[in-house]
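Protein chains in written order, with the numbering used here: chain A, 4 to 292; chain B, 107 to 416.
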Amino acid sequence: MSSTHLADWRQAFSRRNIVATVLGGYLPILLALAVIVLPLLWMAIASFKPAGEIITMQPTLLPQEPTLDNYRHVADTVPLLTVLGNSLIVTVVGSAIKVLLAVTTAYALVFVDFRFKNVVFIAILVALMVPPEAALLPNYMTISAMGGRNTLWGIILPGLGTAFGTFLLRQQFKTLPKDLLEAAKLDGAGHLKRLWRIVAPVSAPTIATVALVTIVGEWNNFMWPLIITDSVDTMTLPVGLNLLQTIEGQTGSYGYLMAGAVLVILPVLIVFAAMQRFIVSGLTQGAVK
Amino acid sequence: MRFSAAGQPRRVPAPSPHRRRQRRRDALVFFAFAGPNLLLIATFIYFPLLSNVYYSTLNWRMGATSATSAGLDNYVRLFTSAQGAEMWRVTITFTVVTVVASMVLGLLVALALNRKIPGITASRTAVFSPYVLSGVGVGMVWNFIFDPQLGVLGHVFRAFGASSPEWYLDGDLALGMVMMVYVWKNLGFCAVVFLAGLQSIPSDLIEAARIDRAGALTRFFKLTLPLLSPTVFFLTVTTILSSMQAFDILKIMTPSGNGTNTIVFELYLQGFGPYQNAGYAAAISVVLFVVLFAITAFQMRFVEKRVHYA
Numbered sequence: 004m005s006s007t008h009l010a011d012w013r014q015a016f017s018r019r020n021i022v023a024t025v026l027g028g029y030l031p032i033l034l035a036l037a038v039i040v041l042p043l044l045w046m047a048i049a050s051f052k053p054a055g056e057i058i059t060m061q062p063t064l065l066p067q068e069p070t071l072d073n074y075r076h077v078a079d080t081v082p083l084l085t086v087l088g089n090s091l092i093v094t095v096v097g098s099a100i101k102v103l104l105a106v107t108t109a110y111a112l113v114f115v116d117f118r119f120k121n122v123v124f125i126a127i128l129v130a131l132m133v134p135p136e137a138a139l140l141p142n143y144m145t146i147s148a149m150g151g152r153n154t155l156w157g158i159i160l161p162g163l164g165t166a167f168g169t170f171l172l173r174q175q176f177k178t179l180p181k182d183l184l185e186a187a188k189l190d191g192a193g194h195l196k197r198l199w200r201i202v203a204p205v206s207a208p209t210i211a212t213v214a215l216v217t218i219v220g221e222w223n224n225f226m227w228p229l230i231i232t233d234s235v236d237t238m239t240l241p242v243g244l245n246l247l248q249t250i251e252g253q254t255g256s257y258g259y260l261m262a263g264a265v266l267v268i269l270p271v272l273i274v275f276a277a278m279q280r281f282i283v284s285g286l287t288q289g290a291v292k
Numbered sequence: 107m108r109f110s111a112a113g114q115p116r117r118v119p120a121p122s123p124h125r126r127r128q129r130r131r132d133a134l135v136f137f138a139f140a141g142p143n144l145l146l147i148a149t150f151i152y153f154p155l156l157s158n159v160y161y162s163t164l165n166w167r168m169g170a171t172s173a174t175s176a177g178l179d180n181y182v183r184l185f186t187s188a189q190g191a192e193m194w195r196v197t198i199t200f201t202v203v204t205v206v207a208s209m210v211l212g213l214l215v216a217l218a219l220n221r222k223i224p225g226i227t228a229s230r231t232a233v234f235s236p237y238v239l240s241g242v243g244v245g246m247v248w249n250f251i252f253d254p255q256l257g258v259l260g261h262v263f264r265a266f267g268a269s270s271p272e273w274y275l276d277g278d279l280a281l282g283m284v285m286m287v288y289v290w291k292n293l294g295f296c297a298v299v300f301l302a303g304l305q306s307i308p309s310d311l312i313e314a315a316r317i318d319r320a321g322a323l324t325r326f327f328k329l330t331l332p333l334l335s336p337t338v339f340f341l342t343v344t345t346i347l348s349s350m351q352a353f354d355i356l357k358i359m360t361p362s363g364n365g366t367n368t369i370v371f372e373l374y375l376q377g378f379g380p381y382q383n384a385g386y387a388a389a390i391s392v393v394l395f396v397v398l399f400a401i402t403a404f405q406m407r408f409v410e411k412r413v414h415y416a
């Protein structure tokens, strides 16, 4: 090791530098992490505490007698498997159809010749700006009239038209080299074949992004299922938990409520931790050029 | 229609029968691919926008089979009644406070996260994570923390010899509480976007300023912040839009909306909550759409000129 390296080394590990790194580098991050993580940790821990440890003047961090009773109670009060299953069906079916529609619409907007394509695209852009809440009341009337109250299709159907996914995928498809598709066309491949054999495979990362963002959105969706269902047989998990909170009220049954919160938060947390790059790029799309 | 560079309609020779057949076939393919989505968008986005306008002129209770015409009464009520004034006050307070707080805190967090040290990627993930979590779950967690008797916050207050504020009983405290939780959930989004903005600033610019002996604060306010201005504008618009649409945390933490009746929450309470006042809720929907549409259109017109949509 040369003497300049040694000097660098010494400087990097000098007390002053270490203190500066810890105070300037890690301390703010640790502070931010504490604020973000502690509430979630508190939830997870409380979900394993017996009631006596929650209604106490001397709370302890860790459960003294960890128990699964809270989860059992939630399962007894709200038919947990039913609402969990409903949430899974709504999320899987809803997302699958939405992504499929976004892919085909974006393909048509980019690769099919049609004179009024730009008009259609602007109509989709405008739809992108309509807050779902503004459509709540008429959609409730429509779905009720169709007999869709307290049905899973009634929850899924109004959200299927997708402007966000279409928009994102169109931007991606436009970057694909035209020659690639021209060559396939000359080989006699129809539109469907071009879409599934060429466009979709090379756009897989963007499609995955749209899919993940859609899945997270469907899983967390609350307002529409809350309005269109009032029977536990067809409720999704967030609506079921809202019901659980109403039933339990402020009677100090936080153990149950935290068990419910874990059930709705944990799946997304796991998906997010595994796929965060896709989800972040989808949600912050358009933020930075 | 196709336009030439000069903006004049291009002279197109009359299409041959073959060309015309081809065109018709393309149109068919277009609608086979895009039709279902367009039909859904028309039915569940465009049609509701129009029918809301009609509903908003009715004096109509939710679930009732008949309604009487109300003219513009619902709108008048929305802008002149005490209830309407309260809704606007709460909406504006909630929006301004949450937008400013999540952007300032988000920028601070982004500055902290903008360095290369071990564990930084995991930290960034953790900070962003609340943004993707269910608002219902998050609201339940914070209900527990804010509970004056059993919550951890109450214990902290008592440890300092004070008693916990009655967050749920006082309207202003309740609004403060939901704003804090909302900021907690959303500041990670601002942080990640700011981080991306920070990383797009060429480091030699900052380095040059450092060599010119500009202090850290000068570098930040004279260099970093101006270079971040597109990010600041983007975040201002997107967080205004999402704050104005906040619902699940408000519904879970303050179920009947005591002091927390923002425009979307009021829309829910009026249409589907205790009031069953569908005509009034429709008027709120129309106004909500106009406000949010104007904000988005403003953004597209003035900021994203460089982005080509068509």
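Glycine residues also receive a C-beta, built at the ideal position from the N, C-alpha and C atoms.
*May I have the straight-line CA-CA distance separating alanine 137 of chain A from methionine 286 of chain B, to the nearest angstrom?*
Along the first sequence, one-based indexing puts residue 137 of chain A at 134. Along the second sequence, one-based indexing puts residue 286 of chain B at 180. Their Cα atoms are separated by approximately 26 Å.
_For alanine 264 of chain A and glycine 257 of chain B, believed in contact at Cβ under 8 Å, the rounded distance_ = Position 151 of the second sequence, counted from the first residue, corresponds to residue 257 of chain B. Position 261 of the first sequence, counted from the first residue, corresponds to residue 264 of chain A. Contact between glycine 257 of chain B and alanine 264 of chain A does not hold, since the beta-carbon distance rounds to 14 Å and is not under 8 Å.
*Using a cut-off of 8 Å between C-beta atoms, extract the partners of isoleucine 358 of chain B located in chain A.*
The sequence position of residue 358 of chain B within the second sequence is 252, counting from 1. Here the neighbours are Asn245 and Gln248.
_Can you tell me where the alpha helix (DSSP H) holding arginine 18 of chain A begins and where it ends?_
The residue given as residue 18 of chain A occupies position 15 in the first sequence. Note, arginine 18 of chain A: alpha helix (DSSP H), 18–23.
*Applying a beta-carbon distance threshold of less than 8 Å, which residues of chain B neighbour isoleucine 39 of chain A?*
Mapped onto the first sequence, residue 39 of chain A falls at position 36. For isoleucine 39 of chain A, the chain B residues whose C-beta falls within less than 8 Å of its own C-beta are Ala232, Val233, Ser235, Pro236, Trp290 and Gly294, listed in chain order.
*Touching or not, the region 99–115 of chain A and the region 166–185 of chain A, by the rule of three or more beta carbon pairs under 8 Å?*
yes
*serine 348 of chain B versus A:Ile32, A:Ile125, A:Glu221 and A:Pro135, residue with shortest Cα-Cα distance*: To locate residue 348 of chain B, count along the second sequence from 1; it is residue 242. With distances taken between CA atoms, serine 348 of chain B lies nearest to A:Pro135 out of A:Ile32, A:Ile125, A:Glu221 and A:Pro135.
*asked:* Along the chain, where does the alpha helix (DSSP H) containing lysine 188 of chain A start, and where does it finish?
replied: Locating residue 188 of chain A in the first sequence gives position 185, counting from the first residue. That run of the alpha helix (DSSP H) goes 181–189.
*Can you give me, in chain order, the residues of the region 374–403 of chain B that have a beta carbon less than 8 Å from any beta carbon in chain A?*
Within the region 374–403 of chain B, the qualifying residues are Tyr374, Gly377, Phe378, Ala384, Ala387, Ala388, Ser391, Val392, Leu394, Phe395, Leu398, Phe399, Thr402 and Ala403.
*Can you tell me whether valine 233 of chain B is buried or exposed, with buried defined as 16 or more other CB within 10 angstroms of its CB?*
In the second sequence, the residue the question calls residue 233 of chain B occupies position 127. Buried, since its Cβ has 16 or more Cβ neighbours within 10 Å.
*C-beta neighbour in chain B for glycine 157 of chain A, strict 8 Å*: To locate residue 157 of chain A, count along the first sequence from 1; it is residue 154. No, because no Cβ of chain B sits closer than 8 Å to the Cβ of glycine 157 of chain A.
*Do you know whose CA, among B:Ala216, B:Ser229 and B:His124, lies nearest valine 338 of chain B's CA?*
Within the second sequence, the letter at position 232 stands for residue 338 of chain B. It is B:Ala216.
*How long is the line joining the alpha carbons of leucine 240 of chain A and valine 81 of chain A, rounded to whole angstroms?*
Taking the first sequence and counting its residues from 1, the one referred to as residue 240 of chain A is at position 237. Taking the first sequence and counting its residues from 1, the one referred to as residue 81 of chain A is at position 78. Near 9 Å, if we compare the C-alpha coordinates of valine 81 of chain A and leucine 240 of chain A.
_Alpha-carbon spacing of proline 271 of chain B relative to isoleucine 151 of chain B, whole angstroms_ = Position 165 of the second sequence, counted from the first residue, corresponds to residue 271 of chain B. Position 45 of the second sequence, counted from the first residue, corresponds to residue 151 of chain B. In this structure, the alpha-carbon of proline 271 of chain B lies about 43 Å from that of isoleucine 151 of chain B.
*Does the region 383–401 of chain B touch the region 160–175 of chain B, meaning 3 or more C-beta pairs lie closer than 8 Å?*
yes
_Through-space distance from lysine 291 of chain B to valine 219 of chain A, alpha-carbon basis_ = The residue labelled residue 219 of chain A in the question sits at position 216 within the first sequence. The residue labelled residue 291 of chain B in the question sits at position 185 within the second sequence. In a straight line, the C-alpha of valine 219 of chain A is about 15 Å away from that of lysine 291 of chain B.
*Would a check of beta-carbon distances place glutamine 175 of chain A closer than 8 Å to chain B?*
As a position in the first sequence, residue 175 of chain A is number 172, starting the count at 1. No, its Cβ sits nowhere closer than 8 Å to a Cβ of chain B.
*Contact residues within the region 160–185 of chain B, judged by C-beta distance below 7 Å to chain A*: Hits within the stretch, in order: Tyr161.
_If we define contact as Cβ-Cβ less than 8 Å, is asparagine 73 of chain A a contact residue for chain B?_
The residue labelled residue 73 of chain A in the question sits at position 70 within the first sequence. Asparagine 73 of chain A does not count as touching chain B.
_For a quick check, are the C-beta atoms of valine 289 of chain B and alanine 207 of chain B less than 8 Å apart?_
Residue numbering aside, residue 289 of chain B sits at position 183 when the second sequence is read from its first letter. Residue numbering aside, residue 207 of chain B sits at position 101 when the second sequence is read from its first letter. It is a contact, given that the beta carbons lie within the stated cut-off.
*Name the DSSP bridge partner or partners of arginine 167 of chain B?*
Here residue 167 of chain B is taken as the residue at index 61 of the second sequence, counted from 1. DSSP lists B:Asn383 as partners of arginine 167 of chain B.
*asked:* Cβ closer than 8 Å: which chain A residues qualify as neighbours of asparagine 158 of chain B?
replied: What you label residue 158 of chain B is simply residue 52 of the second sequence in a count that begins at 1. Under the 8 Å cutoff, chain A gives Ala137, Ala138, Leu140 and Pro141.
*Let me know the secondary structure DSSP gives serine 175 of chain B once reduced to three states.*
Indexing the second sequence from 1 puts residue 175 of chain B at position 69. Note: serine 175 of chain B maps to strand in three-state DSSP.
*Leaving out five residues before and five after arginine 412 of chain B in sequence, what residues of the same chain have Cβ atoms less than 8 Å from its Cβ?*
Stepping through the second sequence from its first residue, residue 412 of chain B is reached at position 306. Summary for arginine 412 of chain B: the model assigns pLDDT 45, below 50, so the residue's position carries little reliability, and this model does not support an answer.
_aspartate 318 of chain B - containing alpha helix (DSSP H), residue span_ = Working through the second sequence from its first residue, we reach residue 318 of chain B at position 212. Careful: aspartate 318 of chain B lies outside any alpha helix (DSSP H) and carries neither H nor E.
*asked:* valine 247 of chain B and threonine 366 of chain B - do their beta-carbons sit closer together than 8 Å?
replied: As a first step, residue 366 of chain B must be located in the second sequence, where it is residue number 260. As a first step, residue 247 of chain B must be located in the second sequence, where it is residue number 141. No, the pair does not count as a contact, with Cβ atoms beyond the cut-off.
*Starting from phenylalanine 200 of chain B, find everything on chain A with Cβ-Cβ shorter than 8 Å and list it in chain order.*
Locating residue 200 of chain B in the second sequence gives position 94, counting from the first residue. Simply none; closest approach about 15 Å.
*Is the Cβ-Cβ distance between asparagine 153 of chain A and serine 90 of chain A less than 8 Å?*
Taking the first residue of the first sequence as 1, we reach residue 153 of chain A at position 150. Taking the first residue of the first sequence as 1, we reach residue 90 of chain A at position 87. No, these two residues do not count as a Cβ contact at 8 Å.
_For glycine 97 of chain A and valine 205 of chain A, the rounded distance between their alpha carbons_ = Taking the first residue of the first sequence as 1, we reach residue 205 of chain A at position 202. Taking the first residue of the first sequence as 1, we reach residue 97 of chain A at position 94. Straight-line Cα distance between these residues: approximately 24 Å.
*Report yes if the C-beta distance between phenylalanine 395 of chain B and valine 133 of chain A is below 8 Å; otherwise report no.*
Here residue 395 of chain B refers to the residue found at position 289 when the second sequence is read from its first residue. Here residue 133 of chain A refers to the residue found at position 130 when the first sequence is read from its first residue. It is a contact, given that the beta carbons lie within the stated cut-off.
*Any Cβ of chain B within less than 8 Å of the Cβ of methionine 149 of chain A?*
For the purposes of this step, residue 149 of chain A is taken as the residue at position 146 of the first sequence. No, because no Cβ of chain B sits closer than 8 Å to the Cβ of methionine 149 of chain A.
*Rank B:Arg221, B:Val343 and B:Ser309 by C-alpha distance to the C-alpha of phenylalanine 399 of chain B and give the top, closest one.*
Within the second sequence, residue 399 of chain B is the residue found at index 293, counting from 1. Selection B:Arg221, B:Val343 and B:Ser309 evaluated against phenylalanine 399 of chain B yields B:Val343 as nearest (Cα-Cα).
*Cut-off 8 Å between Cβ atoms - residues of its own chain near leucine 247 of chain A, not counting five sequence neighbours on either side*: By 1-based counting over the first sequence, the position of residue 247 of chain A is 244. Hits under 8 Å: Val77, Thr80, Val81, Tyr259, Leu260 and Gly263.
_CB contact below 8 Å: leucine 323 of chain B versus chain A_ = Looking up residue 323 of chain B in the second sequence gives position 217. Not closer than 8 Å to any Cβ of chain A, the Cβ of leucine 323 of chain B fails to qualify, so no.
*asked:* Short of 8 Å in beta carbon distance, which residues of its chain neighbour leucine 304 of chain B, apart from the five on each side in sequence? Order them along the chain.
replied: For the purposes of this step, residue 304 of chain B is taken as the residue at position 198 of the second sequence. Counting only Cβ-Cβ distances below 8 Å, and skipping sequence neighbours, we find Ala216, Leu217, Asn220, Thr330 and Leu334.
*Taking Cβ-Cβ distances shorter than 8 Å, what residues in chain B pair up with histidine 194 of chain A?*
Locating residue 194 of chain A in the first sequence gives position 191, where the first residue counts as 1. Within chain B, the residues near histidine 194 of chain A are Val135 and Phe139.
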